[in-house]
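Notes to accompany the following structure.
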């Protein structure tokens, strides 16, 4: 068996939408977000969740399927002027002003009558000046804003005075259930023509799930490293580590920082 090829099935993909796993959590979050966008006035939405649960993948997916015009920023390392200029440029309109006040006035006029969602990923990294700019733009009612951030860092941003006093909704993405995690792994094995190894994986799946705690990213990393370790053991003649069992999975968990020794 080619364990190196098997491991590649669980690598972080360059195009995460190619094999996007639409679990119950995704369906529920998408439904709630669409309901808010379709039935409420323009406001701030906060998408929170632990690192690795799939917030970024979900937002990439949502941006491709949404019928509402969507502008997505993956990393919020920019100045307010550049941020607003980008929004103006996305509309196909020539930039008229130079100062931030002039630019905000222009971008608000452009998008006032449009339905546009602005998504900012890793929003916990926003500077104070960017938070204030988003507050002003949100007050203009020209945009919906979706700010995604890690759950443990979200309270600080949610407690900013710019946001606490304004209408907003908070959506939370949770972990994979045991059955969802099994479904993802089984589907991936079938996709790669490795379904014949599923009985062995299933036999050890409680260990995989317990160590990854249902975290989507950690589960993939754990599987990826486990199969690479088996591949290395086979090539090095280390027979006692050349099959899938608790020892190898535990070693992979230590390698990925899921067990601290």
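In the working numbering, the protein residues as written are -2 to 258.
No residue lacks a Cβ here, since even glycine has one placed at the ideal position from N, Cα and C.
Go to residue 217, then tell me how far its beta strand (DSSP E) extends in each direction, as first and last residue. As a position in the chain shown, residue 217 is number 220, starting the count at 1. Premise fails: residue 217 lies in the alpha helix (DSSP H), 213 to 233, not in any beta strand (DSSP E).
Excluding sequence positions up to five away, which residues of its chain have a Cβ less than 6 Å from the Cβ of residue 197? Within the chain shown, residue 197 is the residue found at index 200, counting from 1. Hits under 6 Å: 241.
Counting only runs of 3+ residues fully inside the region 103 to 179, write out the beta strand (DSSP E) ranges in chain order. 113 to 117, 141 to 147, 165 to 169
Could you give the distance in angstroms between the alpha-carbon of residue 81 and the alpha-carbon of residue 44? On the chain shown, residue 81 is found 84 positions in, with the first residue counted as 1. On the chain shown, residue 44 is found 47 positions in, with the first residue counted as 1. Spanning the two alpha carbons is a distance of roughly 22 Å.
Evaluate contact between the region 104 to 123 and the region 72 to 89, counting only Cβ atoms and requiring at least three cross-stretch pairs below 8 Å. A contact between stretches requires three or more CB pairs, one per stretch, nearer than 8 Å, and the region 104 to 123 meets this requirement with the region 72 to 89.
Return the bridge partner residues of residue 26 from the DSSP annotation. Working through the chain shown from its first residue, we reach residue 26 at position 29. Its beta-bridge partners do not exist; DSSP assigns none.
Once you ignore the five residues that flank residue 224 on each side, which residues in its own chain have a CB closer than 6 Å to its CB? Counting from one through the chain shown, the residue named residue 224 turns up at place 227. Closer than 6 Å at Cβ, skipping near neighbours: 0, 3, 4.
Whether or not the region 47 to 67 and the region 175 to 188 are in contact is what I'm after, with contact meaning three or more pairs of Cβ atoms, one per stretch, closer than 8 Å; do they touch? Contact fails: fewer than three Cβ-Cβ distances are below 8 Å.
In this structure, does DSSP put residue 66 in helix, strand or coil? Locating residue 66 in the chain shown gives position 69, counting from the first residue. In this structure, residue 66 counts as strand in the three-state DSSP scheme.
Nearest neighbour of residue 170, chosen from 63, 236, 248, 55 [CA to CA]: Here residue 170 is taken as the residue at index 173 of the chain shown, counted from 1. Considering only alpha carbons, the answer is 55.
What does the alpha-carbon distance come out to for the pair residue 193 and residue 76? Translated into positions along the chain shown, residue 193 becomes position 196. Translated into positions along the chain shown, residue 76 becomes position 79. Computed Cα separation, rounded: 52 Å.
Buried or exposed for residue 98, going by 16 or more other Cβ atoms inside 10 Å? Taking the chain shown and counting its residues from 1, one reaches residue 98 at position 101. Answer is exposed; the Cβ neighbour count stays below 16.
Does DSSP put residue 45 in a helix, a strand or coil? Counting from one through the chain shown, the residue named residue 45 turns up at place 48. Strand at residue 45.
For residue 118, count neighbouring Cβ atoms within 10 angstroms of its own Cβ and tell me buried if that reaches 16, exposed if not. Position 121 of the chain shown holds residue 118. The residue is buried, with at least 16 neighbouring Cβ atoms inside 10 Å.
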